[in-house]
Structure formats: C-alpha cells, structure tokens
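Structure first, commentary second.
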Amino acid sequence: MKVQLQLETIPVWDGLKEGSECFLCSLMKGAEADAVRYYLSSAVMTPEIRVETNTYGFCSHHMHLLAEGGKPQPLALVMDTYYDENKRLMASALDKAIGERRNARKAEKAASAFFDIIHEREKGCLICSRMEERLIRYCYTVASLWRDDSDFRTALEASKGFCVHHTEALLRIAKEALSGEDLASFYSSMLALLKKNLDRIQHDDWWMTQKYKSENKDKPWNGCEDAQKRAVYKLIGEARVIDPVKKR
Ligand SMILES: [Zn+2]
Ligand SMILES: [Zn+2]
38 MKVQLQLETI PVWDGLKEGS ECFLCSLMKG AEADAVRYYL SSAVMTPEIR VETNTYGFCS
98 HHMHLLAEGG KPQPLALVMD TYYDENKRLM ASALDKAIGE RRNARKAEKA ASAFFDIIHE
158 REKGCLICSR MEERLIRYCY TVASLWRDDS DFRTALEASK GFCVHHTEAL LRIAKEALSG
218 EDLASFYSSM LALLKKNLDR IQHDDWWMTQ KYKSENKDKP WNGCEDAQKR AVYKLIGEAR
278 VIDPVKKR
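So the mapping is simple: the numbering used here equals the position in the sequence shown, first residue as 1, plus 37.
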C-alpha cells in the first residue's frame with residue numbers, strides 16, 4: 038500500500054506548460070523563495086519556531102540567502118538566540134583551546150575539537166527541509182499524473198524534461214507513487230527524455246561555439262544565445278535541497 042501524498046496538480050501542469058529546461062527547477066526556486074521569506078517573517082517571533090532555528094539553523098547557502106533577504110529585524114532576532122545556543126555548545130571547548138599555550142600537539146587537538154562542534158552545528162537546514170517537503174509532493178505528482186493522465190504523459194514526454202539533478206530526485210520519489218511495471222516504464226521514459234534533451238542542449242552549446250567563428254557571424258542564433266548557461270544548469274539544477282534536517 039502506497040502512502041497517499043497531497044497532489045500539486047495545478048503547479049505541476051503550469052510548470053510543464055512553461056516549457057523551461059526543468060520545471061522542477063522553476064518550482065523549487067519558488068519553494069526556496071517561500072521558505073526564505075518564512076524565516077524572515079514574524080513567524081520567528083514565536084517561541085516554537087525559535088527553538089527550531091536555535092536547534093537546527095540553516096546550511097551556508099541558505100544563511101547567505103537570509104543575510105541578503107533585506108529583513109534585518111527578524112534575522113537579528115534569529116541570530117541573537119542562535120549565538121546563545123552556539124555559546125552553550127562551544128564555550129568550554131573554545132576556552133580549553135584558548136588555554137593551550139605551550140604544547141603544539143595539544144593546541145591543535147583542542148582547536149580541532151572546537152571546530153568539530155562548529156561542523157556539527159552546520160548540519161541540517163530548516164529551509165532545505167521545507168523545500169524537500171515541496172520537492173517530494175511535486176515529484177510524486179509528476180509520477181502520478183504520468184500514470185493517470187494521458188494528456189500529461191504525452192506533453193511531458195514531448196517536453197524539454199528535467200535537469201540531471203531533478204531527474205535523480207524524480208526517480209527516487211517516484212517509488213512513492215508507482216510500482217512494478219509502471220515504475221520501470223517511468224524510469225525508462227524519464228531517462229530517455231533526459232538523454233534526448235542532453236543531446237539537444239549539447240547541440241545548442243556547439244552551435245554557440247560555431248557562432249563565434251567569423252564565417253558564421255551572420256547566421257541565425259537559433260535560440261542559442263544562452264546555451265552555455267543552459268548547458269551548466271541542465272547538469273546541476275537550480276534551487277537544490279542541500280541538507281534537510283530529516284533525511285529521507
Ligand atoms: Zn531541475
Ligand atoms: Zn539549506
């Protein structure tokens with residue numbers, strides 16, 4: 038018996054119709070923006086949310102987006118008590134490291150014990166967690182619609198597909214919606230879609246290299262003006278979930 042997850046039929050259909058290189062990238066950019074906005078809102082005034090931000094915090098990429106989010110007051114509150122929690126966890130290791138003034142080996146060991154706590158502290162990200170919940174629902178919806186809606190299947194299989202990063206996520210999460218022959222057929226279909234579209238992008242990228250030759254100066258771009266960027270993002274994706282608090 039499969040778990041029933043909430044379907045996101047409307048955003049997924051809208052995403053497919055937008056005709057981008059990976060509509061999961063577009064949907065996840067929205068999910069990321071929403072999650073950043075949430076942690077820069079009045080939500081962080083509530084004690085339960087602050088216990089979460091103090092305990093888990095954010096990955097370095099999402100710390101960066103918070104810092105650049107243009108909301109000083111909520112971020113200052115989050116950081117103030119996050120620093121308190123840091124002190125609680127690190128003070129004794131830091132003081133011990135400061136106290137090692139004579140023996141290089143002991144000093145190095147004590148410093149590295151302090152940085153081990155820092156590295157542990159950097160693990161887990163609440164924004165990544167919120168993004169992952171959405172990613173799971175979007176991928177579940179794609180797999181479910183592919184099985185149940187022949188118009189969707191036809192449109193998806195004729196589309197530009199997904200980036201490599203989100204193709205992997207889609208196949209991993211498809212197991213929640215599909216099994217047996219359906220699942221195998223979905224894997225095969227999505228990987229064939231990926232192969233076809235990687236070739237298309239490489240061809241676009243190649244045409245850009247040709248356009249820089251003087252003999253092709255006056256030939257049309259054929260929509261390849263941004264092929265080098267599409268070549269990059271088709272591989273790595275955009276708005277990646279980096280380190281959610283709860284791993285699935
Ligand atoms: Zn993507
Ligand atoms: Zn993150």
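Using N, Cα and C, we set each Cβ at its ideal position, and we do this for glycine too.
Note that this is a predicted model, so its numbers are computed, not measured.
- Val81 and Pro111 do touch by the CB rule: their CB atoms are close to 5 Å apart, below 8 Å.
- Under the DSSP assignment, Thr178 falls in the alpha helix (DSSP H) whose first and last residues are Leu163 to Asp185.
- By a beta-carbon distance limit of 8 Å, Asp236 does not contact Ala264. Their separation comes to about 13 Å.
- Nearest in C-alpha terms to Leu103, of all of Ile273, Glu69 and Met127, is Glu69.
- Under DSSP, Pro281 forms a beta bridge with Cys162.
- Taking a contact to require three or more Cβ pairs closer than 8 Å, the segment 206–222 and the segment 160–180 qualify as touching.
- Distance check between Asn259 and each of Thr246, Tyr270 and Lys271 places Thr246 closest, using alpha-carbon atoms only.
- With 16 or more other CB atoms across the displayed protein chains lying within 10 angstroms of its CB, Asn234 is buried.
- The nearest non-hydrogen atom of ligand 1 is less than 8 Å from the C-beta of Leu61.
- Lys124 and Thr83 have their alpha carbons spaced roughly 22 Å apart.
- With a cutoff of 9 Å on beta-carbon distance, Asn140 and Tyr119 are scored as not near each other.
- Glu252 and Glu58 have their C-alpha atoms spaced approximately 30 Å apart.
- The three-state secondary structure of Trp244, taken from DSSP, is helix.
- Residues with their Cβ less than 5 Å from any non-hydrogen atom of ligand 2, running along the chain, are Cys96, His99, Cys162, Ile164, Cys165 and Ile279.
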